[in-house]
Amino acid sequence: MDLIIVLGVIFTGYQFLKLSQKYKRNPILYLIIGVVVFLVTYYAGTVFMMIFLNIGLKFPYSNPTIISCFSIPLAIFVTGISYKVTESKIKRENDINGKGIN
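Now the structure itself:
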């Protein structure tokens with residue numbers, strides 16, 4: 394599962410880097426934001442799933458494959474939402490400032 398996380402980090406960083414280059418923003422800042430959102434969401438989802446499975450099953454349970462099956466899609470979903478929110482915020486700022494980039 395670690396390879397999937399690495400691929401997710403690379404893909405997320407690349408997409409946020411393309412977003413920053415499209416709107417002529419600081420590329421390193423947006424790359425870091427994308428990667429941090431993905432990793433924080435992944436690890437928070439992992440902790441939540443471990444707690445949920447331990448409480449729900451009434452005995453200690455930590456199968457990394459099953460936990461990652463829920464944490465990785467959650468991380469991708471939240472990162473996608475943050476990407477769209479960031480993109481709409483940048484578009485709105487460009488429209489307000491009169492920079493209308495197509």
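Here the sequence shown is numbered in this note's numbering, starting from 394 and rising by one per residue. The beta carbon of each residue, even a glycine, is placed where N, CA and C say it ideally should be. Because the structure is a prediction, the values reported are computed rather than measured.
- In the same chain as Y435, and ignoring 5 residues on each side of it, the C-beta atoms closer than 6 Å to its own belong to S464 and A468, in chain order.
- When C-alpha distances from R485 are compared across Y416, V402 and P466, the shortest belongs to Y416.
- Take G427, set aside five residues on each side of it, and the residues of its chain with a beta-carbon closer than 6 Å to its own are T405, G406 and F409, in chain order.
- Between L412 and T458 the beta-carbon gap is near 32 Å, outside 8 Å, which marks them as no contact.
- The criterion of a C-beta distance shorter than 9 Å is satisfied by V430 and T472.
- Judged by beta-carbon spacing, I421 lies beyond the 9 Å limit of M443, meaning their Cβ atoms are not closer than that value.
- Boundaries of the alpha helix (DSSP H) harbouring R485: P457 to N490, taken from the DSSP string.
- For the pair I474 and R418, the CB atoms are not nearer than the 9 Å cut-off.
- Nearest to I397 by alpha-carbon distance, out of Q414, I425 and L432, is L432.
- Burial check for L450: the Cβ neighbour count within 10 Å stays below 16, so the residue is exposed.
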